[in-house]
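Counting in the UniProt record's numbering, the final residue of the sequence shown is number 226, and the numbers go up one at a time with none missing.
Backbone N, C-alpha and C fix where the C-beta goes; we use that ideal spot for every residue, glycine too.
Notes follow the structure.
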Amino acid sequence: MPLADFTRLLRLLGTILSIVLPALYLSIATFHQEALPTELLLAIAGARERVPFPAIIEILLMELAFELIREAGLRIPGLLGSTIGIVGALILGQAAVEANLVSPIMVVIIAITGLASFTIPDYRLASALRILRFIFLLAASAMGLVGVSLSLLVVTVILCSMKSFGMPYLVPIGPKTMPGFDIVRRGPVFRQEMRPDALNTQDQRRQPHISRKWITEPPVGRDDEQ
1 MPLADFTRLL
11 RLLGTILSIV
21 LPALYLSIAT
31 FHQEALPTEL
41 LLAIAGARER
51 VPFPAIIEIL
61 LMELAFELIR
71 EAGLRIPGLL
81 GSTIGIVGAL
91 ILGQAAVEAN
101 LVSPIMVVII
111 AITGLASFTI
121 PDYRLASALR
131 ILRFIFLLAA
141 SAMGLVGVSL
151 SLLVVTVILC
161 SMKSFGMPYL
171 VPIGPKTMPG
181 FDIVRRGPVF
191 RQEMRPDALN
201 TQDQRRQPHI
211 SRKWITEPPV
221 GRDDEQ
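Below, the structure written as structure tokens:
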């Protein structure tokens, strides 16, 4: 189903961006300027010309401001909370840029990161990834892309070693199981004939080979109806 597959890809992309996008910008803008095209590098340098803070302080200020707006929007009852959150973010971002506290590119990065975090359907997972984003920022400020790579490696090792109710946390990605490998592309329900082999069930078959038996049955004629 194309819409469901697109939604899954969008959520995966949003999850990745919400974790690593500020850290990638910080590491490239601070340690690896040669990775950017000359025109983009000059544009970023011109935007940050009057900003008195280093990039890490700039990102932390914007992240903390965004978290304050998010929490304030959650505590205000009714539809007023979301309205105050949107208006407050616009006013605060514009005022910070005009006061030369942050650069416009930083406002764009934080806005994309915040929107990407809203694509995560589970609130508890989104809260955990918010804390993880700050860890990636600290690693990027210390070692650049090397710190981001090491942080990704550590997180991957931890996830691979975790278990939930006796099952590996990353199943069916690791260990890979072909019958249950439907992370991105998932077929129709009537084609999901086998259960995930990681469950080690006694009956591996979920449903018969032809689950929609009414398709193979001959149509009922008028004589039979009479």
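### Task
Check each candidate in N100, E63 and A111 and name the one with the smallest Cα separation from I86.
A111
### Task
May I have the straight-line CA-CA distance separating V108 from G114, to the nearest angstrom?
10 Å
### Message
Using only the alpha-carbon positions, how far apart do L150 and E193 sit?
### Response
Rounded to the nearest whole angstrom, the CA to CA distance from L150 to E193 is 40 Å.
### Query
Are the Cβ atoms of I120 and R11 separated by less than 8 Å?
Result yes, Cβ atoms of I120 and R11 sit closer than 8 Å.
### Task
Could you tell me which of T15, S82, I131 and D197 sits nearest to P168, measuring between CA atoms?
Looking at the Cα atoms, D197 is the closest of the given residues.
### Task
In angstroms with no decimal places, state the Cα-to-Cα distance between I19 and A126.
10 Å
### Query
In three-state terms, what does DSSP make of Q226?
Low per-residue confidence applies at Q226: pLDDT is 49, beneath 50, and the placement is therefore not dependable, though the value from the model is reported in the following sentence. Coil, per DSSP.
### Query
Would a C-beta distance cut-off of 8 Å place I59 and G88 closer than the cut-off?
no
### Query
Is the beta carbon of L61 sitting closer than 8 Å to the one on V102?
yes
#### Entry: Distance, G46 Cα to T38 Cα
12 Å
### Query
Among residues of its own chain, excluding the 5 on either side of L26, which ones have a beta-carbon nearer than 8 Å to its beta-carbon?
A55, I56, I59, L137, A140 and S141
### C-alpha distance - G144 paired with E67, whole-angstrom precision
24 Å
### Query
Does the Cβ-Cβ distance between L17 and I28 come in under 8 Å?
no
### Query
Helix, strand or coil: which one does DSSP assign to M194?
strand
### P168, DSSP secondary structure in three states
DSSP places P168 in strand when its eight states are reduced to three.
### Task
Could you spell out where the alpha helix (DSSP H) holding R50 opens and where it closes?
Careful: R50 lies outside any alpha helix (DSSP H) and carries neither H nor E.
### Query
Expressed to the nearest angstrom, what Euclidean distance is found between the alpha-carbon atoms of R50 and I131?
30 Å
### Task
Whole angstroms is fine: what's the gap from S161's alpha carbon to L153's?
It is roughly 12 Å from the alpha-carbon of S161 to the alpha-carbon of L153.
### Task
Quick one: using the 10 Å Cβ neighbour count with 16 as the cut-off for buried, is I91 buried or exposed?
exposed
### Task
Please go through the same chain and pick out, in chain order, the residues whose beta-carbon is closer than 7 Å to the beta-carbon of G73, but skip the five residues on each side of it.
G81, S82, I84 and G85
### Task
Tell me R124's beta-bridge partners as DSSP assigns them.
Beta-bridge pairing links R124 to no other residue.
### Query
Is L41 near Q33, with beta carbons less than 8 Å apart?
Yes, they are a contact pair.
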